[in-house]
Every structure is written in structure tokens, then in C-alpha cells.
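**Q** Structure incoming, see below.
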Amino acid sequence: MSTPHYETLPPSDAVTLGERAQRLISSLATLTDEPGRITRHYLSPAHRRATDLVGDWMRAAGLAVSLDALGTVRGRQEARRAGPSSGKRLLIGSHIDTVTDGGAYDGNFGVVAGILAVDELRRRRVSLPFGIEVLAFGDEEGVRFPTTLASSSAVAGAFNPAFLDRRDAAGVSLREALVAFGCDPDAIPDAACDPDEILGYLEVHIEQGPVLEHEKLPLGVVTSIAGQSRFKGIVLGEAGHAGTAPMNLRRDALAAAAEIMGEIERIARAGRDDSLVATVGQLAVTPGAVNVIPARVDFSLDIRAASDAPRLAAIAEIRARAREIGERRHVAFLLEGYHESPTTPCAPQLQAAFAAGIDALGQRVLRLTSGAGHDGHAIHHLTGVGMLFVRCRRGISHNPLEFAEPADMGLAVEALIGAILALARDEDGERS
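When you line the sequence shown up against the UniProt record's numbering, it's residues 1 to 432, in that order.
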């Protein structure tokens, strides 16, 4: 039963698939809002060009393409043969937005891998018993707006309407940006998938860490995605003359913030869970003059861990220590949360499918957790999530030096195809 459905043409060489992936990724890398570096924020002009280009690739792969109300490019293919799952579809996706001065592979390769896998299955004349929908999300990084995962949340039916009023640094609201992008915010409910029509969600992603390289393996199966909390921190003191205010009478917001940040680092380093990490990546000082004592400091805080308990315990300790510092220094301290994602376990069936895809390539199957956040956090509200990691050089990501070997990317596309075929056999009752 499986042979005519699954293998009527010989597979492409993995190296050839990797080279194709590299060409597409290099094309996306030219679409930037800052010449000379890769910066493609959500709903920016570069993002608009990227959605058009990705849509063209999807059409070339035989997919029916649409752009939903949150700017997600969606390429859909219906089931090729009748069966109990012919009315359902498998989601495959990742994101095409980047951090400021980021790399070319983060997110982008996952979208490219999905398109290439569908195209290769078509070339092999594979008839799947379910449909496929490839998704190119736009708000995974959460750089422009204080939202994060807005587009994938909409697909999952979990979008928070309050996000529409959140504003970027220029004062533009998410609603205004969507309208300018050509989207209809009132149609956001229509972006949600019906859970009864979805089999699962697969995502291929560079590891963004050094484990696979250390293990000398190109691929790995993700067991869970680390929980993540993001905050806006505010320290309020009092401005004063840098030359006339005695040190013991100052209410220096920056000095207090620096002490708080030192405590954040200490708490993260002392955590019982080695996966616990805390990062302050943004800092703004007001009034920001060389001869004025800082009156206000705004900073970001990102906390992650492989399980929820150590992350929540660290947050509680940070709040307590910051309050103590604020009282001693006579400054006010506020910590406002705007993003909370609990640890997301990957579905056992989808882990097994990716493991089957890797095993078919003659590779050892390594299982590992993801310290980085992914769209799977949001999609978990809709369906089970499966992730495949791909080795990247020195584990570097969110950096122009980010790089994955074409040969490894080709193996990843083949492993994704293998996972899709394993799920097809499961649906047919032909478990391998």
C-alpha cells in the first residue's frame, strides 16, 4: 500500500536540497530595512517584500496562497487522496521577521524547508492522505511591538485583542501598522484554524545553540520549548545637578538599576536549574545628559528556563531584591510583564515522526530541549507541536555570523519529508 503512495520517483540528493535552501535564504537576506545588515521587523517595508517573495515560492511549489489578517503568508495544499484524514491538514511553519542586525537562517530556514519539502513531495508524486499548510509568520521576535507571537497566536485562535493598541517606538499602534500593511484587523478571528481540522504542527529551525555541533550531529529532535517571561522594568528616581548633589542624598535611577541588574545576573547564575537564563537587552536613561543625575531608567528583562518552576521562582526573587534596593536607595521600581509562555512539551507522536525521518537518513537521533522561544508556544494552544533542530556554526544566532551548512539543511529537508511520510503511514495504519 505504501509504495505507490510514497516513493514513485527517486529522492533528490540532500546536497542539492541544501543548495536550493541556501539560494532561497540568501534571497530573503537581501530584503532588509537597513542596508548593510539584516533587519526585517514585523510589518515593515522589508517584511512586506518578504511576504511577496515567499508567496511566489509557495505558488511555484503548487500551493494556494493567502495573506491573513496578521500578515502570515499561508500556502495550502489539499489532501491528494480520499481517506479518514482527507479533511484535515498538517501545519508546517516558522517566521520571516528578524531581530535588528540579525542572521539569515533564524526562522527563515524553517519556512524555506517547508516549501522545499512540499515541492519535493510533489516532484516525487506522493499522494498524502491529508492536506498541508505552510505558514510564514511575522511576529516571532517581538522586536517592533511589545507583543511577540501575535501572528501565530491568531492562527491558534489565541490572539489577544488588546495587542492591537500596543505601540512601537514611533508611536504607531499594531492596528495602524496592520492597516498600512494591507491587512484587516477586524478579520483576525478568521485567521484561526479549526482544531478538528489540524493534525499537528511541524517546525524546522536552526538550533541557536552549540549542542549538535558538540555532538557532531547535523540534526536533533526537540523534546520541549523553554518557558519564557518578558518584562518592562522601570526605575524612577529624581534628576539633579551632577556637581552639586551630594552622593548620600541622591536618588539616582541608573545607579539603582545597575544594582538591580547585578542581582538579576546573580540570581540567574545561582539558579538550581542550569537552563535558567536572564537577559537585560534594552536600556534607556532619562534625561540622558552628561551632567544630570538620571531620573528614570527603562529596561527589558527576558527570563527563560526548561521548566516553569525555576523561572517563576527567579522572577519572585528578582522582584523581592529589587524592592529592597528601591527602598534603600529611595527610588520606585516597577516590573510590568507583557509576555508569558509556559514550557511547551513537544508531542510524542511528532517527536517520533522526526526521529523516524532522522533514522531513515542513517543518523543518530539526539533529543534536546529548546532554550529559545518559538511559534510553537502559541500553536500549542491549537494542536501538538513537533520541532527539528539543525546544527549551526558555534551555536551563534541573532547575529550576522549565524550560519548553517547547506549539507545539514538538505538533511533537514529530507528529515522533514521523512516525518511527513511517517505521519502519513500512521494515518493509513501502516506504522513503520
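We treat Cβ as the ideally placed atom computed from N, Cα and C, and that holds for glycine.
Every value quoted in this text rests on a predicted model; they were computed, and no experiment measured them.
Per DSSP, what kind of secondary structure is Pro-345 in: helix, strand or coil?
**A** Here residue 345 refers to the residue found at position 345 of the sequence shown. Note: Pro-345 maps to strand in three-state DSSP.
**Q** Between Leu-91, Ala-69, Glu-34, Ala-79, which has its C-alpha nearest Gly-386's C-alpha?
**A** Along the sequence shown, read from residue 1 onward, the residue named residue 386 stands at position 386. Measuring from the Cα of Gly-386, the nearest candidate turns out to be Leu-91.
**Q** Can you give the Cα-Cα distance for Ser-173 and Asn-399, rounded to whole angstroms?
**A** If you number the sequence shown from 1, residue 173 lands on position 173. If you number the sequence shown from 1, residue 399 lands on position 399. Distance between the alpha carbons of Ser-173 and Asn-399: 28 Å.
**Q** Below 8 Å, can you find three or more Cβ-Cβ pairs linking the stretch 162 to 181 to the stretch 350 to 358?
**A** In this structure the stretch 162 to 181 does not lie against the stretch 350 to 358, because fewer than three pairs of beta carbons, one per stretch, are closer than 8 Å.
**Q** Identify every residue that forms a DSSP beta bridge with Met-387.
**A** Along the sequence shown, one-based indexing puts residue 387 at 387. According to DSSP, Met-387 bridges with Glu-203.
**Q** Express the C-alpha separation of Ala-46 and Gly-142 in angstroms, rounding to a whole number.
**A** Here residue 142 refers to the residue found at position 142 of the sequence shown. Here residue 46 refers to the residue found at position 46 of the sequence shown. In a straight line, the C-alpha of Gly-142 is about 16 Å away from that of Ala-46.
**Q** Compare the beta carbon distance of Ala-278 and Ala-314 with 8 Å and say whether it is the shorter of the two.
**A** Here residue 278 is taken as the residue at index 278 of the sequence shown, counted from 1. Here residue 314 is taken as the residue at index 314 of the sequence shown, counted from 1. Going by C-beta atoms, Ala-278 is nearer than 8 Å to Ala-314.
**Q** May I have the straight-line CA-CA distance separating Leu-31 from Ala-104, to the nearest angstrom?
**A** Within the sequence shown, numbered from 1, the residue matching residue 31 stands at position 31. Within the sequence shown, numbered from 1, the residue matching residue 104 stands at position 104. Computed Cα separation, rounded: 10 Å.
**Q** Against chain C, does Gly-288 count as a neighbour if the rule is that its beta carbon must be under 8 Å from one of theirs?
**A** The displayed structure is made up of one protein chain only, and chain C is not part of it.
**Q** For Ile-198, name the three-state secondary structure that DSSP assigns.
**A** Position 198 of the sequence shown, counted from the start, is the residue given in the question as residue 198. In this structure, Ile-198 counts as strand in the three-state DSSP scheme.
**Q** Tell me, please, which residues DSSP counts as bridged to Gly-93.
**A** As a working mapping, residue 93 is identified with position 93 in the sequence shown. Paired residues: Leu-135.
**Q** Apart from the five residues just before and just after Ala-187, which ones in its own chain have a Cβ nearer than 6 Å to its Cβ?
**A** Taking the sequence shown and counting its residues from 1, one reaches residue 187 at position 187. Excluding residues within five positions, the ones whose Cβ falls inside 6 Å are Ala-69.
**Q** Please state if the CB of Leu-212 and the CB of Val-331 are separated by a distance shorter than 8 Å.
**A** Within the sequence shown, residue 331 is the residue found at index 331, counting from 1. Within the sequence shown, residue 212 is the residue found at index 212, counting from 1. Not closer than 8 Å, so no.
**Q** Suppose you measure from the CA of Thr-51 to the CA of Leu-24; what does that come to, to the nearest Å?
**A** Translated into the one-based positions of the sequence shown, residue 51 becomes position 51. Translated into the one-based positions of the sequence shown, residue 24 becomes position 24. So the alpha carbons of these two residues sit roughly 13 Å apart.
**Q** For Ser-127, report the span of its beta strand (DSSP E) as first-last.
**A** Residue numbering aside, residue 127 sits at position 127 when the sequence shown is read from its first letter. Looking at the DSSP string, Ser-127 is not in any beta strand (DSSP E), and its letter there is neither H nor E.
**Q** Just to check my reading of the structure: Asp-101 and Ile-38 have Cβ atoms closer than 8 Å, yes? What is that Cβ distance to the nearest angstrom?
**A** Indexing the sequence shown from 1 puts residue 101 at position 101. Indexing the sequence shown from 1 puts residue 38 at position 38. The pair is a contact, with the Cβ atoms about 7 Å apart (cut-off 8 Å).
**Q** Where does Ser-153 fall in DSSP's three states?
**A** On the sequence shown, position 153 is the one that residue 153 refers to. It is helical.
**Q** Going by Cα to Cα distance, which pick from Leu-219, Ser-127, Gly-288, Ala-415 is closest to Gly-83?
**A** Taking the first residue of the sequence shown as position 1, residue 83 is located at position 83. Answer by Cα proximity: Ser-127.
**Q** What does the Cβ neighbour count give for Glu-7, buried or exposed, with the cut at 16 atoms within 10 Å?
**A** As a working mapping, residue 7 is identified with position 7 in the sequence shown. Confidence in Glu-7 is poor, its pLDDT being 49 and thus under 50, which makes the residue's placement unreliable; the coordinate value appears in the next sentence. Under this definition Glu-7 is an exposed residue.
**Q** Confirm, please, whether the CB-CB distance from Val-111 to Ala-21 is below 8 Å.
**A** Reading the sequence shown from its first residue, position 21 is the one you call residue 21. Reading the sequence shown from its first residue, position 111 is the one you call residue 111. No.
**Q** Please return the same chain residues whose Cβ sits closer than 6 Å to the Cβ of residue 480, not counting the five positions on each side in sequence.
**A** Outside the modelled stretch of the chain, which goes from 1 to 432, sits residue 480, for which no answer is possible.
**Q** Just how far apart, CA to CA, sit residue 485 and Ala-29?
**A** Any answer about residue 485 is impossible in this case: the structure gives the chain only from 1 up to 432.
**Q** Note down the Cα distance separating Gln-351 from Gly-107, rounded to an integer number of angstroms.
**A** Position 351 of the sequence shown, counted from the start, is the residue given in the question as residue 351. Position 107 of the sequence shown, counted from the start, is the residue given in the question as residue 107. Cα to Cα, the separation comes out at about 19 Å.
**Q** Identify whether Thr-16 lies in helix, strand or coil by the three-state DSSP scheme.
**A** The residue given as residue 16 occupies position 16 in the sequence shown. Note: Thr-16 maps to helix in three-state DSSP.
**Q** What is the DSSP secondary structure of Ile-267, counted as helix, strand or coil?
**A** Taking the sequence shown and counting its residues from 1, one reaches residue 267 at position 267. It is helical.
**Q** Pick from Ala-407, Gly-36, Ala-419, Asp-426: whose alpha carbon is nearest that of Val-15?
**A** Counting from 1 along the sequence shown, the entry for residue 15 is found at position 15. The shortest Cα separation from Val-15 among Ala-407, Gly-36, Ala-419, Asp-426 belongs to Ala-407.
**Q** Check whether the stretch 194 to 207 touches the stretch 339 to 346, taking contact to mean three or more Cβ pairs, one atom from each stretch, closer than 8 Å.
**A** no
**Q** Just to confirm, is the Cβ distance from Phe-275 to Thr-369 under 8 Å?
**A** Counting from one through the sequence shown, the residue named residue 275 turns up at place 275. Counting from one through the sequence shown, the residue named residue 369 turns up at place 369. Here residue 275 turns out to be Ser, not Phe, going by the sequence shown. Contact flag set, yes.
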